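S.K.: There's a structure below that I have some questions on.
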Amino acid sequence: MDRPPVIFQKRLWGVALALGAGLAAMPNLPATPESTPSAPVNLPVVARPPAEQPAPGLPADAHLNKTPPRKTIGLDLVKNGWTYNCMECHKLFVAKWHYDRPMAEHRDVTLAHGNNRFCLNCHHATNRNAFVDYDGGEIAQADVVTLCAKCHGTIYRDWQAGVHGRSNGYWNAVLGPKTKLRCIQCHDPHNPKFQPMPPLAPLRYPVRAAHPPTESAAAAAPSH
Amino acid sequence: MSDYLTFLWRVFRLSFQGGWRFYAWMTVLSAVSLLGLHAWTRQFVEGLQTTGMTNQVSWGAYIANFTFLVGVAAAAVMLVIPAYVYRKEHMHEVVLFGELLAIAVIVMCLLFVTVDLGHPERFHHMIPPFGVFNFPGSILSWDVIVLNGYLLLNLHIAGYLLYSRYRGRPPTKAFYIPFVFLSIAWAVSIHTVTAFLYVGLAGRSYWHHPLVPSRFLASAFVAGPALMILTFQVIRRVTRYWIGDAPIFTLRMIMTVAMIINMFLLGSELFTEFYSPTEHAAAAHYLYFGLHGHHGLVPWIWTAIALDVVGLGLLVSPLSRQIVGLNIAGLACFVGIWIEKGMGLIIPGFVPTPLGQVVEYLPTLNEVLVCLGIWSFGLLLFSWMLRVAIPIMNGSLCAHPHLNLDRTP
Amino acid sequence: MNASPHNTVSPRTIEQVYRPLTRRTFLKGSAAAMVGVAGLMGALRPLLELEHGTVTLDELLQRHYRELKPADLRRIMDQLAAKCETEYGVHPHLRDIRPLANVEFGYALNLTRCIGCRKCAHACLQENNQSRADATDLEMSYIRVLELNKGSINLETSRTDYDHATVPAKDKFYMPVQCHQCRESPCTKVCPVQATWREPDGIVAVDYNWCIGCRYCMAACPYDARRFNYQKPTIAPAEINPNQSYLSNRIRPKGVVEKCTFCLHRTREGKYPACLEVCPTGARVFGNLRDSNSEISYILANKRVYILKEDVGTLPRFYYFFDK
């Protein structure tokens with residue numbers, strides 16, 4: 301035999317095309333931290349591990365209420381070792397998504413995140429364990445802050461400097477550690493706006509003072 | 003020295019000589035003073051919660067009375083100036099009464115400050131070298147110096163003149179004339195320094211303006227002479243000391259001029275505060291018209307202004323040439339200025355607070371009793387001083403009396 | 119004086135003064151004196167109820183904090199700790215913490231983030247052992263949280279007694295105010311005994327054993343930052359914070375002034391103040407102004423910072439800023 305038959309040549313082309321298409325369809329390598337935007341100049345160096353739950357506090361601080369404002373079961377599960385591995389289910393369910401198709405699962409999630417209408421604004425289309433970067437690449441779960449930084453750059457910059465979000469512990473790094481919370485430890489990513497909370501007891505009109513205001517007057521007066 | 007001790011002994015005995023009216027007066031005053039002392043002791047034990055003061059209104063009736071009385075004490079100078087500077091001879095017969103009044107009133111001022119302290123037993127913290135005296139930074143330290151200095155000055159002048167009179171020898175000019183002139187400047191200074199206590203505080207815009215010391219002095223020179231005029235008539239009535247009409251009418255003239263100035267300054271203040279609707283005037287608004295539904299002081303201040311206007315009207319009219327009209331004018335001015343300086347100056351400085359909170363103030367019963375106790379103690383002191391001074395000035399109590407043992411009573 | 123013929127005096131009155139004391143007069147006088155003394159004793163009767171240990175010779179002879187020798191201060195603190203244990207059954211860990219070297223504190227508050235929840239004000243009450251068991255003393259917290267109307271920063275129309283179901287309320291924003299530890303503090307200027315003074319790290323401290331309670335500092339403060347103990351502090355023993363310092367949160371006596379000290383018992387050991395630790399939105403920023411890498415320096419360099427009542431000239435160490 302001196303030349304392959306024509307049909308064999310066509311199959312070769314088909315395989316080559318399929319390989320090419322497959323190569324093209326393969327997702328990019330996950331984005332490495334080095335590919336995130338470089339830190340602006342003159343940013344204060346924050347040499348502390350970024351992802352920590354706030355320490356329960358020194359025993360001496362038991363009287364201070366340092367719980368983060370967002371109570372989630374998820375974060376507690378993560379603390380106890382559970383990892384979010386969404387692909388366990390989603391490798392079975394095809395990652396198809398359409399604007400109008402309602403979700404069968406995750407119905408407890410109401411998306412109220414500003415102008416975001418689409419889940420895939422943040423979640424990666426095919427790898428549900430990851431989030432999506434501008435170029436379609438993956439952002440790992442551990443680097444979720446860089447996801448938020450895509451839109452909230454100024455807040456991210458402040459967070460890196462230590463002035464956004466709550467810190468607990470020591471202001472003096474030499475004398476002790478300081479906690480730094482990640483975005484989702486305070487903000488629910490699907491509904492990040494802080495929910496109003498009931499205030500603690502107000503300052504009362506001093507008992508010894510004269511002419512305490514009547515209940516109706518206090519309620520009606522727009523200013524005090 | 004033994005002469006001086008004899009003098010003191012005779013003064014002591016003279017203190018208890020008097021008719022039933024004298025005893026009744028002094029007993030009532032003593033009783034009220036003891037009541038005030040009791041109330042203050044309760045305050046000492048329980049803390050200042052027995053008063054109506056709060057974190058927002060941290061100065062009240064005690065400091066209000068203190069401020070008013072410093073003005074009255076300064077008004078002794080109103081007798082001294084005509085007597086020594088303008089050489090009006092008729093004033094000499096009454097100058098001593100002004101100085102004695104100043105002594106009694108300064109003691110009242112010091113008592114009012116003491117009862118206002120949270121820890122009066124720590125008074126020595128002010129006295130170096132053990133204590134720390136924040137002079138010249140703190141105006142309160144200036145006030146301590148000038149008030150005590152004024153007290154010592156008047157004690158010296160009055161004491162020296164009385165003792166010289168008792169000994170029957172003319173007083174050496176060098177021992178009292180310089181002090182008298184010093185007391186003129188010093189009297190002005192006690193009231194100016196007390197005014198500066200408030201004026202220097204930039205955080206309280208009601209106080210932080212230059213009219214405050216001017217009004218202080220003007221109103222002091224009304225209230226002091228008013229009290230003096232009433233005192234002179236009491237002296238005329240219950241003692242045999244003769245006071246002519248000339249000193250009284252000199253005081254009337256001083257009162258009139260000072261009251262005109264006071265009312266003019268009041269008018270300036272009202273115009274400045276209310277012409278433009280600024281928020282600096284929130285305290286003045288509270289005082290004159292009420293603020294955010296709170297109007298506790300409004301009736302008081304308008305009563306004070308009405309009394310002042312009535313008093314001024316009487317003073318400038320011929321009605322006050324009659325002693326009755328003058329008495330009414332004096333009383334009206336005295337009460338009006340007491341309200342103005344107390345409720346009209348101290349309390350609005352705290353309402354609203356620098357953060358805009360409105361908390362009102364009224365003294366409690368305990369506080370009122372302490373104030374009454376101190377007033378009656380001051381009156382007691384003044385009455386006692388007159389009781390012993392007038393016979394000395396008359397020449398009846400002297401070192402070498404001519405006793406006629408055969409005289410029929 | 120006047121030599122008028124009208125000035126006759128009653129002979130009887132004056133003559134008795136010159137004569138020696140008769141027995142009758144002496145007895146009358148003694149009786150009257152005894153009545154007077156009895157009256158005086160009656161007036162002073164409440165002193166019997168004075169709590170033991172309120173006024174002690176030791177305390178009267180104690181010198182100003184800045185003049186105390188370390189041994190004396192230690193002895194005084196031991197006495198205070200013993201007193202706390204006798205009264206409340208809690209033995210405090212009372213220390214005297216000196217300023218850190220090369221530190222000047224600064225505090226900033228983000229007005230965009232504050233939601234007016236008052237957690238800071240209540241944490242302050244707990245951290246600083248403030249008087250609060252009695253209803254008459256409930257408002258001793260050093261922090262006053264003001265609710266202001268949007269549209270301007272107008273303290274005059276603000277309120278501190280808001281009690282909405284949830285905060286933040288619509289069209290309002292919130293501004294907590296506490297002692298600003300001013301660089302040109304009017305309070306330290308007016309204290310007649312210098313019981314309050316500026317420490318090297320910027321904190322304005324009060325020596326509670328030196329204060330005479332005149333409250334002039336309260337009149338002078340433009341921020342309504344100081345509180346006075348009109349009564350003996352009332353605290354439930356279970357709520358006492360035992361980590362105490364002589365100049366900050368030890369249990370104060372009645373009759374003295376107190377105020378925010380930026381939790382110097384925490385901050386001088388490098389920790390955050392209590393108000394910052396509990397803020398749920400992270401609106402508070404604290405640190406060392408001399409460290410150019412600190413968070414507070416970042417705020418001052420990068421944010422629109424505003425000073426309350428700047429026109430009064432107090433140069434405070436407390437800054438307010440906005441994010442948006």
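Taken in sequence, the protein lines are chains A, B and C.
Under the working numbering, the letters of the first sequence match residues 301 to 524, in that order.
Under the working numbering, the letters of the second sequence match residues 3 to 411, in that order.
Under the working numbering, the letters of the third sequence match residues 119 to 442, in that order.
Think of the CB as a built atom: it goes at the ideal place given N, C-alpha and C, for glycine as much as any other residue.
Since the structure is predicted, the reported quantities are computational estimates derived from the model, not experimental observations.
1) Determine the direct distance from the alpha carbon of residue 307 (chain C) to that of residue 142 (chain B), and round the result to whole angstroms.
2) Is any beta-carbon of chain B found at less than 8 Å from that of residue 347 (chain C)?
3) Our contact map puts residue 238 (chain C) next to residue 393 (chain C) with C-beta atoms below 8 Å; I'd like the distance itself, whole angstroms only.
4) Where does residue 53 (chain B) land, buried or exposed, given buried means 16+ other C-beta within 10 angstroms?
5) Which residues in chain B have a C-beta closer than 9 Å to the C-beta of residue 276 (chain C)? List them in chain order.
6) Counting only Cβ pairs nearer than 7 Å, list the residues of chain C close to residue 80 (chain B).
7) Is the stretch 32 to 49 of chain B in contact with the stretch 368 to 381 of chain B, if contact means three or more CB pairs nearer than 8 Å?
8) Any Cβ of chain A within less than 8 Å of the Cβ of residue 359 (chain C)?
9) Using a Cβ-Cβ cutoff of 8 Å, what residues of the stretch 44 to 60 of chain B are near chain C? List them in chain order.
10) Can you list the alpha helix (DSSP H) stretches of 4 or more residues lying completely in the stretch 130 to 211 of chain B, in chain order?
11) Of all the CB atoms in chain E, is at least one closer than 8 Å to the CB of residue 141 (chain B)?
12) Using a Cβ-based criterion (distance less than 7 Å to any ligand heavy atom), does residue 39 (chain B) qualify as near the ligand ADP?
13) Going by DSSP in three states, residue 276 (chain B) sits in which element: helix, strand or coil?
14) Is residue 352 (chain B) near residue 35 (chain B), with beta carbons less than 8 Å apart?
15) If distances are taken between C-alpha atoms only, which option among C:266, C:439, C:309, C:371 comes closest to residue 416 (chain C)?
16) Check each candidate in B:270, B:374, B:51, B:199 and name the one with the smallest Cα separation from residue 140 (chain B).
17) In this structure, how does DSSP classify residue 184 (chain C) when only helix, strand and coil are distinguished?
18) May I have the straight-line CA-CA distance separating residue 427 (chain A) from residue 491 (chain A), to the nearest angstrom?
19) Note down, in chain order, all residues in the stretch 449 to 465 of chain A with a beta-carbon under 7 Å from any beta-carbon belonging to chain C.
20) Rank B:14, B:170, B:185 by C-alpha distance to the C-alpha of residue 87 (chain B) and give the top, closest one.
21) With residue 102 (chain B) as the anchor, note down where its alpha helix (DSSP H) starts and where it stops.
22) Between residue 347 (chain C) and residue 381 (chain B), what straight-line distance do the alpha-carbon atoms span, to the nearest angstrom?
23) Would residue 330 (chain C) and residue 316 (chain B) qualify as a contact pair, given that the criterion is a beta-carbon distance under 8 Å?
24) Under 8 Å: do the stretch 226 to 242 of chain B and the stretch 86 to 106 of chain B share three or more Cβ pairs, one atom per stretch?
25) Report the three-state DSSP secondary structure of residue 320 (chain A) (helix, strand or coil).
26) Considering Cα atoms alone, identify which of B:349, B:80, B:398 is closest to residue 57 (chain B).
27) Suppose contacts are defined by Cβ-Cβ distances below 8 Å. Is residue 247 (chain C) in contact with residue 358 (chain C) by that definition?
28) Could you check where the alpha helix (DSSP H) with residue 235 (chain B) kicks off and where it finishes?
29) Could you name the residues that DSSP lists as bridge partners for residue 363 (chain C)?
30) Reducing DSSP to helix, strand and coil, say where residue 423 (chain A) ends up.
31) Kindly list the residues whose CB is nearer than 8 Å to the CB of residue 132 (chain B), restricted to its own chain and excluding five residues on each side of it in sequence; keep chain order.
32) Taking only the alpha-carbon atoms, compute the straight-line gap between residue 389 (chain C) and residue 484 (chain A) and give it to the nearest angstrom.
33) Going along chain C in order, which residues have a C-beta closer than 7 Å to the C-beta of residue 136 (chain B)?
34) Measuring straight from C-alpha to C-alpha, what distance separates residue 312 (chain C) and residue 374 (chain C)?
35) Report yes if the CB atom of residue 314 (chain C) is closer than 8 Å to the CB atom of residue 300 (chain C), and no otherwise.
36) Can you tell me whether residue 128 (chain B) is buried or exposed? The criterion is at least 16 other CB atoms within 10 Å of its CB, across all chains shown.
M.R.: Answer, in terms of the structure:
1) For this step, residue 142 (chain B) is matched to residue 140 along the second sequence. For this step, residue 307 (chain C) is matched to residue 189 along the third sequence. Rounded to the nearest angstrom, the two C-alpha atoms are 10 Å apart.
2) Taking the third sequence and counting its residues from 1, the one referred to as residue 347 (chain C) is at position 229. Chain B contact via Cβ: present.
3) For the purposes of this step, residue 238 (chain C) is taken as the residue at position 120 of the third sequence. For the purposes of this step, residue 393 (chain C) is taken as the residue at position 275 of the third sequence. Contact between residue 238 (chain C) and residue 393 (chain C) holds: their C-beta atoms lie close to 4 Å from each other, under 8 Å.
4) For the purposes of this step, residue 53 (chain B) is identified with residue 51 of the second sequence, where counting begins at 1. Within 10 angstroms of the beta-carbon of residue 53 (chain B) lie 16 or more other beta-carbons, which makes it buried.
5) Against the third sequence, residue 276 (chain C) aligns to sequence position 158. What residue 276 (chain C) touches in chain B: 357, 358, 359.
6) Working through the second sequence from its first residue, we reach residue 80 (chain B) at position 78. Residue 80 (chain B) does not reach chain C, its nearest Cβ partner there being about 19 Å away, counting only Cβ pairs nearer than 7 Å.
7) A contact exists between the stretch 32 to 49 of chain B and the stretch 368 to 381 of chain B.
8) Sequence index remark: in the third sequence, residue 359 (chain C) carries index 241 (1-based). Cβ-Cβ to chain A under 8 Å: yes for residue 359 (chain C).
9) Residues of the stretch 44 to 60 of chain B with a C-beta less than 8 Å from any C-beta of chain C: 44, 46, 47, 48, 49, 50, 51, 53, 55, 56, 57, 58, 60, listed in chain order.
10) Runs of the alpha helix (DSSP H) inside the stretch 130 to 211 of chain B: 141 to 169, 175 to 201.
11) Given the protein chain composition of this structure (A, B and C), no chain E is represented.
12) Looking at this structure, you won't find the ligand ADP or any other ligand, since it has none at all.
13) Here residue 276 (chain B) refers to the residue found at position 274 when the second sequence is read from its first residue. Note: residue 276 (chain B) maps to helix in three-state DSSP.
14) Counting from one through the second sequence, the residue named residue 352 (chain B) turns up at place 350. Counting from one through the second sequence, the residue named residue 35 (chain B) turns up at place 33. Contact: no.
15) Reading the third sequence from its first residue, position 298 is the one you call residue 416 (chain C). For the residues C:266, C:439, C:309, C:371, the minimum Cα distance to residue 416 (chain C) belongs to C:439.
16) In the second sequence, residue 140 (chain B) corresponds to position 138, counting from 1. Of B:270, B:374, B:51, B:199, the residue nearest in Cα terms is B:199.
17) Walking along the third sequence from the start, residue 184 (chain C) turns up at place 66. In the three-state reduction of the DSSP assignment, residue 184 (chain C) falls in the helix class.
18) What you label residue 427 (chain A) is simply residue 127 of the first sequence in a count that begins at 1. What you label residue 491 (chain A) is simply residue 191 of the first sequence in a count that begins at 1. Straight-line Cα distance between these residues: approximately 22 Å.
19) Contacts with chain C (Cβ-Cβ distance below 7 Å) from the stretch 449 to 465 of chain A involve 461, 462, 463, 464, 465, listed in chain order.
20) Numbered from its first residue, the second sequence carries residue 87 (chain B) at position 85. Comparing Cα positions, the closest option is B:185.
21) Numbered from 1 along the second sequence, position 100 holds the residue referred to as residue 102 (chain B). For residue 102 (chain B), the uninterrupted alpha helix (DSSP H) run begins and ends at 94 to 118, by DSSP.
22) Residue 347 (chain C) sits at position 229 when you count from the first residue of the third sequence. Residue 381 (chain B) sits at position 379 when you count from the first residue of the second sequence. Cα to Cα, residue 347 (chain C) sits roughly 33 Å from residue 381 (chain B).
23) Along the third sequence, read from residue 1 onward, the residue named residue 330 (chain C) stands at position 212. Along the second sequence, read from residue 1 onward, the residue named residue 316 (chain B) stands at position 314. Annotated as distal: residue 330 (chain C) and residue 316 (chain B), with beta-carbon spacing of 8 Å or more.
24) Touching, yes, given that three or more Cβ pairs across the two stretches are closer than 8 Å.
25) Locating residue 320 (chain A) in the first sequence gives position 20, where the first residue counts as 1. Bear in mind that a pLDDT of 46 at residue 320 (chain A), under 50, signals an unreliable position, so the model cannot answer this.
26) Sequence index remark: in the second sequence, residue 57 (chain B) carries index 55 (1-based). By alpha-carbon distance to residue 57 (chain B), the top candidate from B:349, B:80, B:398 is B:349.
27) On the third sequence, residue 247 (chain C) is found 129 positions in, with the first residue counted as 1. On the third sequence, residue 358 (chain C) is found 240 positions in, with the first residue counted as 1. Contact: yes.
28) Walking along the second sequence from the start, residue 235 (chain B) turns up at place 233. For residue 235 (chain B), the enclosing alpha helix (DSSP H) stretches over residues 213 to 240.
29) Counting from 1 along the third sequence, the entry for residue 363 (chain C) is found at position 245. Looking at the DSSP assignment, residue 363 (chain C) forms a beta bridge with C:213.
30) To locate residue 423 (chain A), count along the first sequence from 1; it is residue 123. In the three-state DSSP reduction, residue 423 (chain A) falls in the strand class (E or B).
31) Within the second sequence, numbered from 1, the residue matching residue 132 (chain B) stands at position 130. Within the same chain, residue 132 (chain B) has close Cβ partners 126.
32) As a working note, residue 389 (chain C) is residue 271 in the third sequence. As a working note, residue 484 (chain A) is residue 184 in the first sequence. Approximately 25 Å, taken between the alpha carbons.
33) Your numbering for residue 136 (chain B) matches position 134 in the second sequence. The answer, in chain order, is 309, 310, 311, 312.
34) Within the third sequence, numbered from 1, the residue matching residue 312 (chain C) stands at position 194. Within the third sequence, numbered from 1, the residue matching residue 374 (chain C) stands at position 256. Each residue's Cα considered, the two are about 13 Å apart.
35) Taking the first residue of the third sequence as 1, we reach residue 314 (chain C) at position 196. Taking the first residue of the third sequence as 1, we reach residue 300 (chain C) at position 182. By the CB criterion at 8 Å, residue 314 (chain C) and residue 300 (chain C) fall outside the cutoff.
36) For the purposes of this step, residue 128 (chain B) is taken as residue 126 along the second sequence, with counting starting at 1. With 16 or more other Cβ atoms within 10 Å, it is buried.
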